[in-house]
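Residue numbers (the UniProt record's numbering): 1 to 126.
Right, dumping it as structure tokens:
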């Protein structure tokens, strides 16, 4: 089984958090903003949720159209954006494509948006 998308996730994620206490580089800010834009759509958030909760942790486009109430081309468009952002991996099986979450990408986003403990401790001391 060869999924496409994992290497892209590693390339698109910045190395430093905007909350790390030092300025984030422009290129890192642009990469993070691109990933966050991919997430900032209700249909895409629902897609991530539907795929994650699918029995094998993966879903075919054909299984996602009805729950979203969107056409297959529209669902495929949203899935392409999520894959290009590195949030999903895609595997082609016959005429259908199957998608699964890239756990490391989701974890990286969570880490980047979570302030370091030091900052939380300093705030509490004030």
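For each residue, glycine too, the CB sits at the ideal point set by N, CA and C.
message: Taking DSSP's pairing of strands, which residues face residue 92 in a bridge?
response: 97, per the DSSP bridge assignment.
task: May I have a chain-ordered list of the beta strand (DSSP E) segments no shorter than 3 residues that lie completely inside the UniProt domain "HTH arsR-type" (24–121)?
output: Counting whole runs of 3 or more residues, the UniProt domain "HTH arsR-type" (24–121) contains the beta strand (DSSP E) stretches 58–60, 88–93 and 96–101.
- prompt: Count the other CB atoms within 10 Å of the CB of residue 59; is the residue buried (16 or more) or exposed (fewer)?
  reply: By the neighbour-count definition (other C-beta atoms within 10 Å, threshold 16), residue 59 is a buried residue.
7 Å Cβ shell around residue 70 - same chain, five flanking residues per side excluded: Cβ within range, chain order: 43.
- prompt: For residue 56, does the count of other Cβ atoms within 10 angstroms reach 16, so buried, or fall short, so exposed?
  reply: By the neighbour-count criterion, in which 16 or more other beta carbons inside 10 Å mark a residue as buried, residue 56 falls on the exposed side.
query: Anyone know if the C-beta pair for residue 97 and residue 61 falls short of 8 Å?
result: Yes; because the gap between Cβ atoms is below 8 Å, this pair is in contact.
field: Pair within 8 Å by beta-carbon distance, residue 88 and residue 99
entry: A contact, by the Cβ cut-off of 8 Å.
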